[in-house]
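Asks: Structure incoming, see below.
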Ligand code: HEA
Ligand code: HEA
Ligand code: CUA
Ligand SMILES: [Cu+2]
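Residue numbers (my numbering), protein chains in the order written: chain A, 3 to 318; chain B, 282 to 490; chain C, 75 to 764.
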């Protein structure tokens, strides 16, 4: 993680807020336990924002409660029936939030640069010794296709990346808009047909995570998860070699079959070799030229014809 | 001060006797101005859409702006709209002097010129259709047709309104409500001309530059 | 239910076939049975007591701003009830469909709703709550209160006012029709693009959604014009701008937002309509369309829209808190300034709804900062209310409970809104139920303010107070529901639960989901209490009869005239001397001073024209949805013809002579704001009319 000025001090300042937010057992609060470089920064700024805002919100909340209690008619507290103006107070009530917003605005600007999906300042893409892994992401109705142009392989619903290496994503969709998200790992970014967006992340220790679409995309949306596996570098190389040996091949023609609307219950993965390097751009250009994958009637009326009983188990 | 006690020699008025004069004509005019504001925003939205889609990328291999606009032909449309507005202005002058016949005559002239405008627009569209340049071809053509057709629709409604007013003037005379409507119609008609000028500049002239 | 719009076509019925009516769906059967029983409960007494002529004469053709306002609010409450039912169904589905081993009922694999049905429910919930519940309730309140607060006899354009009402009602009726004929959109209340394109939504749903919103927003725009013109032109003498009550100020600012924002929504939807009906390519991904154009246009309206809703709510709070603190509002000038600051800034923040769409960091930062700037004037408002409470003499009648409750919601919603406004944070919680929880705090603030307003102004409109015991019970039950439901929902947001899920794959969420379900349980209870409250209050109406100022501590002009307000509002227009006119008259012992004599006044006639336009507008929307072109064309021509016909009619209204006014004012109020009750008691109609 890059050095962020004043991080220690603020972390100290915010220790008051963390327990408040996180309660006792926080294992299931995925966002409280960021694993990736970018996600950690996001969580850090979440704390700053909540901390600073609390400096105002908490006192105001308490004051409302106290005033409501103190000035009830039955308590006969001091009553000032005409007091309705005070220049000093009114200046303060504009001024203090103003200063707070200036501070938060600056923090917002800085953090936006750090986590900018199109080239997060927090990641180093330029290191020749550790070049970024390029993954092209294509969403269909309703699966995820991950293409590794550097290796000529692709997967469905299974994103495998090496630990400690920055990952650079290009994303596009064959049909409607989705939203790429891996909580605790990668920031969200929209995935749109006929458009190319980018994202980037890096996780330094191996682990498994859940990714999914966050933007509603039709009847199969609720089942649109994919697994994210961060593996050690040697394991990644092994995995790539194994996948390259797969007899399953993915030409553009094969892709158009894959892109037919399917609900992939339980995110059952598939692996492909011999993937043409230009597949992503082919998909992108096809969408721009008006290619649409029609949804079969049956799926639109009700997806009950699909067997949902074997969804993935609910652990992360 | 919010609250205050009355001074000893202060005279307070608690009730307003007599008719409280709310000038209904100027209130109606105000209301109509507000309506025109919302109409202006409709066109702002359409112009924004046109601005976004007026790009060779959005022409999707179909014709681009430069290939379909004819500033010279559209100039005649501009002329028609402006003279129609002029005719209507003469009508409002006639209203001031109470020349009922002249008002009707000028309104009819404004209608005629408005129809000329629509006719030219129609022939332009027909020409484009004949060349296969329909709104379904590309995002750009969609924006082009819808922007201009929306203005055309406004013109058509304006013509209908002019017609209604011509009848009202000749049947009811220049009564206050009729005059109020005539004034609102003037606003409407001038506004359509102004929009057309914007269309002419942003679509036709910009298209060839 | 699902009808492909490319399916069979007939001239008479367009795409409408018997197959469009989902009579075989158990849930729809239930809904239909429920609606039918409700309708019978309403219609039967009307028929039994032969009230149809009364309804027609007094309500359906009225141009009285108070009655129109009451009808707006009834429409809003009924739709809120429907929206609540949707919310209940959403929550029940989600708690039932958690984890792969959750059972399936009816036609669903998990829970009891198959995806397509579930998706319609949250889409209609959002659409209904925002456009057909919150908006009409607030518009209705503005309608009732604003002319009274500024001492006017009616709105500037009474007939137009009725037209606005009926257009909004038509929109609501279209949404309700979609329940039983065809289906509703599944693309969310925002109309996610390109999901709403014909390729992906080939049924009637999106068209219902689109035309319902489009028609009602014409009504909203016309109402905004009316309100602005009223406030500008119809103020009583002495009602200077610096004396305008805050609720009137906020209604003015809201109307300015409405007037300028709704046309943009109109364009956004019309272009979608062009895509769906004419095959153009505005928003398609291919052939030169641009789907981000829709998203931008929608939110250029959508964001101002939420402030359109919240500003009148702020206005209500600003009226209720001083009244029950027995103090003037703290910082009137800053309050007005803050109102307009919020309205102004609301125009440059729309992009915060799609920080994740990939704009550059500078653009995102700009909109982030602009969004947070809204917090400044909002904070000013909070502080102003705080210092109004300070050294006040607080009483906690029901309206005050709702108002103070709203403050807490605003603080939590504001805190979470400020989190969402930072892109780095937004990238982790966008489109999660954290967002849902954020904005439910905010929209519930509006609901709280609405209930505050209803209980506050109820005696003014109906002449008796609502029952306080059941009213407080209603508040507490509702609030427990709110706390349980939305605390759990914030937690789920941090657990990573995405919004709009009909099936939840993570079983660790179950405890929180159960808490949410208990929350809606309390909501359901509170609905029952609400009906009990209405029942008890109406039963005890004589006991609870209200004086002109039933709370005894009210401050503004509307409390000067009788309760219930007579159809002519003020017999003699008051002359305004102070910002809090009634308080000022109290202070100077003038509150009881009645006018010395009465004069002739002029009133507008009722007219069926607005109702007819409404009926035709329904035909227009329904015909378009089902491609029944003759119906569409007939309705459109009908509307034009009616408008032209009306422009020839010279309806001059009628006069009430000085003697009649004297007599009317001497009579004790009769209990309802019914014009004919006065008139039938005194056979004047002929006497005064032209
Ligand atoms: C004004 C706006 C508003 C209001 C008030 C509400 C109120 C409620 N909402 Fe709503 N909601 C939205 C606007 C609103 N919502 C929007 C815009 C969405 C997004 C949709 C989308 O994704 O596209 C949404 C989405 C949404 C979801 C998310 C679905 C998802 O994406 O996963 C959920 C889930 O729990 C929910 C629940 C509720 C509940 C339980 C209430 C409760 O608070 C309801 C409480 C109300 C009552 C208890 C009724 C009281 C009424 C009466 C007493 C009147 C009765 C009178 C007569 C009949 C005369 N809402
Ligand atoms: C009435 C409704 C309402 C209101 C008032 C607000 C108010 C605010 N909203 Fe909210 N919002 C919605 C309704 C509303 N919102 C809806 C419906 C959506 C989602 C729509 C959808 O996707 O379906 C949404 C979504 C939404 C998003 C996008 C979330 C996403 O999809 O990722 C964001 C992001 O910035 C946001 C921010 C804010 C902010 C900063 C405010 C601010 O105005 C809040 C200001 C208030 C305070 C800050 C508290 C009081 C202030 C003080 C006590 C002073 C101290 C404060 C400072 C130092 C500034 N809102
Ligand atoms: Cu949104 Cu491209
Ligand atoms: Cu917003």
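Idealized CB from N, CA, C, for every residue including glycine.
Please name the residue in C:246, C:252, C:284 whose C-alpha comes closest to that of residue 267 of chain C.
Replies: Along the third chain, read from residue 1 onward, the residue named residue 267 of chain C stands at position 193. With distances taken between Cα atoms, residue 267 of chain C lies closest to C:284.
Asks: Note down, in chain order, each residue of its chain lying with its Cβ closer than 6 Å to the Cβ of residue 593 of chain C, except the 5 sequence neighbours on either side.
Replies: Numbered from 1 along the third chain, position 519 holds the residue referred to as residue 593 of chain C. The residues are 555, 558, 559.
Asks: Using only the alpha-carbon positions, how far apart do residue 160 of chain C and residue 167 of chain C sit?
Replies: To locate residue 160 of chain C, count along the third chain from 1; it is residue 86. To locate residue 167 of chain C, count along the third chain from 1; it is residue 93. Distance between the alpha carbons of residue 160 of chain C and residue 167 of chain C: 11 Å.
Asks: Can you pull the chain A neighbours of residue 465 of chain C, defined as C-beta to C-beta under 8 Å?
Replies: Here residue 465 of chain C is taken as the residue at index 391 of the third chain, counted from 1. The answer, in chain order, is 73, 79, 80, 81, 82, 85.
Asks: Rounded C-beta distance between residue 137 of chain C and residue 678 of chain C? I'm assuming under 8 Å.
Replies: Residue 137 of chain C sits at position 63 when you count from the first residue of the third chain. Residue 678 of chain C sits at position 604 when you count from the first residue of the third chain. Going by Cβ atoms, the distance from residue 137 of chain C to residue 678 of chain C rounds to 5 Å, so yes, they are a contact pair.
Asks: What residue from C:525, C:173, C:205, C:125 has the CA that sits closest to residue 153 of chain C's CA?
Replies: Start at 1 with the first residue of the third chain, and residue 153 of chain C comes out as number 79. Nearest of C:525, C:173, C:205, C:125 to residue 153 of chain C, Cα basis: C:205.
Asks: For residue 400 of chain C, report the span of its beta strand (DSSP E) as first-last.
Replies: One-based indexing of the third chain puts residue 400 of chain C at position 326. Segment: none, residue 400 of chain C is in no beta strand (DSSP E) and carries neither H nor E.
Asks: Could you say if the segment 247-261 of chain C and the segment 191-205 of chain C meet the contact criterion of at least three C-beta pairs nearer than 8 Å?
Replies: Touching, yes, given that three or more Cβ pairs across the two stretches are closer than 8 Å.
Asks: In the DSSP assignment, find the unbroken alpha helix (DSSP H) run with residue 456 of chain C in it and report its ends.
Replies: The sequence position of residue 456 of chain C within the third chain is 382, counting from 1. 449-463 is the extent of the alpha helix (DSSP H) around residue 456 of chain C.
Asks: Is any non-hydrogen atom of ligand 4 found closer than 7 Å to the C-beta of residue 380 of chain C, if you look at the structure I gave you?
Replies: For this step, residue 380 of chain C is matched to residue 306 along the third chain. For ligand 4, at least one heavy atom lies less than 7 Å from the Cβ of residue 380 of chain C.
Asks: Using only the alpha-carbon positions, how far apart do residue 459 of chain C and residue 403 of chain C sit?
Replies: Locating residue 459 of chain C in the third chain gives position 385, where the first residue counts as 1. Locating residue 403 of chain C in the third chain gives position 329, where the first residue counts as 1. If I take the Cα positions, the gap works out to 7 Å.
Asks: Straight-line CA distance for residue 468 of chain C to residue 219 of chain C?
Replies: Taking the first residue of the third chain as position 1, residue 468 of chain C is located at position 394. Taking the first residue of the third chain as position 1, residue 219 of chain C is located at position 145. For residue 468 of chain C and residue 219 of chain C, the distance between alpha carbons rounds to 24 Å.
Asks: Mapping DSSP to helix, strand and coil, what is residue 90 of chain C?
Replies: For this step, residue 90 of chain C is matched to residue 16 along the third chain. Coil at residue 90 of chain C, not helix or strand.
Asks: Kindly provide the ranges of any beta strand (DSSP E) runs that are 3 or more residues long and lie completely inside the segment 237-292 of chain A, ordered along the chain.
Replies: Listed in chain order, they are 272-274.
Asks: State yes or no: is the C-beta of residue 102 of chain A nearer than 7 Å to some heavy atom of ligand 2?
Replies: Working through the first chain from its first residue, we reach residue 102 of chain A at position 100. Checking the Cβ of residue 102 of chain A against ligand 2 gives yes.
Asks: Given a cut-off of 8 Å, decide if residue 334 of chain C and residue 311 of chain B are closer than it, judged by their beta-carbon atoms.
Replies: Here the question's residue 311 of chain B lines up with position 30 in the second chain. Here the question's residue 334 of chain C lines up with position 260 in the third chain. No, the Cβ-Cβ distance between residue 311 of chain B and residue 334 of chain C is not below 8 Å.
Asks: For ligand 2, is there any heavy atom lying closer than 7 Å to the beta carbon of residue 94 of chain A?
Replies: By 1-based counting over the first chain, the position of residue 94 of chain A is 92. Not under cutoff, so the answer is no.
Asks: Rounded to the nearest angstrom, how far is the Cβ of residue 434 of chain B from that of residue 362 of chain C, given a contact under 8 Å?
Replies: Here residue 434 of chain B is taken as the residue at index 153 of the second chain, counted from 1. Here residue 362 of chain C is taken as the residue at index 288 of the third chain, counted from 1. Contact doesn't hold; Cβ gap of about 24 Å is too wide.
Asks: Ends of the alpha helix (DSSP H) at residue 676 of chain C?
Replies: For the purposes of this step, residue 676 of chain C is identified with residue 602 of the third chain, where counting begins at 1. Here residue 676 of chain C belongs to no alpha helix (DSSP H); instead the beta strand (DSSP E) covers 675-677.
Asks: Would you say the beta carbon of residue 258 of chain C comes nearer than 7 Å to a heavy atom of ligand 1?
Replies: Residue mapping note: residue 258 of chain C aligns to position 184 of the third chain, counting from 1. Outside the cutoff, so no.
Asks: What's the gap between the Cα of residue 620 of chain C and the Cα of residue 612 of chain C?
Replies: For this step, residue 620 of chain C is matched to residue 546 along the third chain. For this step, residue 612 of chain C is matched to residue 538 along the third chain. For residue 620 of chain C and residue 612 of chain C, the distance between alpha carbons rounds to 13 Å.
Asks: Is residue 427 of chain C near ligand 4, going by C-beta to nearest heavy atom under 7 Å?
Replies: Looking up residue 427 of chain C in the third chain gives position 353. Flag set: Cβ of residue 427 of chain C near ligand 4.
Asks: So what's residue 325 of chain A in DSSP terms, helix, strand or just coil?
Replies: Outside the displayed span of chain A (3 to 318) sits residue 325 of chain A, for which this structure offers no information.
Asks: Suppose you measure from the CA of residue 302 of chain C to the CA of residue 634 of chain C; what does that come to, to the nearest Å?
Replies: Working through the third chain from its first residue, we reach residue 302 of chain C at position 228. Working through the third chain from its first residue, we reach residue 634 of chain C at position 560. For residue 302 of chain C and residue 634 of chain C, the distance between alpha carbons rounds to 23 Å.
Asks: On the CB-based measure, 16 or more other CB atoms within 10 Å of its CB, does residue 391 of chain B come out buried or exposed?
Replies: Counting from one through the second chain, the residue named residue 391 of chain B turns up at place 110. Looking at its Cβ environment, which holds 16 or more other Cβ atoms inside 10 Å, residue 391 of chain B is buried.
Asks: Just checking: is the beta-carbon of residue 481 of chain C within a distance shorter than 8 Å of some beta-carbon in chain A?
Replies: For this step, residue 481 of chain C is matched to residue 407 along the third chain. Chain A, which has a Cβ nearer than 8 Å to the Cβ of residue 481 of chain C, makes this yes.
Asks: Between residue 603 of chain C and the rest of its own chain, which residues show a CB-CB distance below 7 Å, the 5 nearest in sequence each way excluded?
Replies: The sequence position of residue 603 of chain C within the third chain is 529, counting from 1. So the list reads 544, 547, 548, 551, once near-sequence residues are dropped.
Asks: Beta strand (DSSP E) containing residue 217 of chain C: first to last residue?
Replies: For this step, residue 217 of chain C is matched to residue 143 along the third chain. Looking at the DSSP string, residue 217 of chain C is not in any beta strand (DSSP E); the run it does join, the alpha helix (DSSP H), is 209-223.
Asks: With a threshold of 8 Å between beta-carbons, can residue 316 of chain B be considered close to chain C, or not?
Replies: Position 35 of the second chain, counted from the first residue, corresponds to residue 316 of chain B. Yes - at least one Cβ of chain C is within 8 Å of the one on residue 316 of chain B.
Asks: Does ligand 1 have a heavy atom nearer than 7 Å to the CB of residue 282 of chain C?
Replies: Translated into positions along the third chain, residue 282 of chain C becomes position 208. No, Cβ of residue 282 of chain C sits at least 7 Å from all heavy atoms of ligand 1.
Asks: For the segment 182-242 of chain A, list the alpha helix (DSSP H) runs that are entirely contained and at least 4 residues long, ordered along the chain.
Replies: Taking only runs of at least 4 residues, no alpha helix (DSSP H) segment lies wholly in the segment 182-242 of chain A.
Asks: Within 7 Å: the Cβ of residue 443 of chain C and any heavy atom of ligand 4?
Replies: Locating residue 443 of chain C in the third chain gives position 369, counting from the first residue. Answer for residue 443 of chain C: no, Cβ out of range of ligand 4.
Asks: Determine, using beta carbons only, whether residue 227 of chain A comes closer than 8 Å to chain D.
Replies: This model lacks chain D altogether, as its protein chains are A, B and C.
Asks: Who are the near neighbours of residue 727 of chain C in its chain, counting only those whose CB is closer than 7 Å to its CB and skipping five residues on each side?
Replies: For the purposes of this step, residue 727 of chain C is taken as the residue at position 653 of the third chain. Around residue 727 of chain C: 676, 677, 678, 679.
Asks: Assuming residue 346 of chain B contacts residue 398 of chain B under a Cβ cut-off of 8 Å, what Cβ separation, rounded to an integer in Å, is found between them?
Replies: By one-based count along the second chain, residue 346 of chain B stands at place 65. By one-based count along the second chain, residue 398 of chain B stands at place 117. Contact doesn't hold; Cβ gap of about 21 Å is too wide.
Asks: Taking the Cβ atom as the reference point for each residue, do residue 442 of chain C and residue 110 of chain A lie within a distance shorter than 8 Å?
Replies: Taking the first residue of the third chain as position 1, residue 442 of chain C is located at position 368. Taking the first residue of the first chain as position 1, residue 110 of chain A is located at position 108. Yes. Within cutoff.
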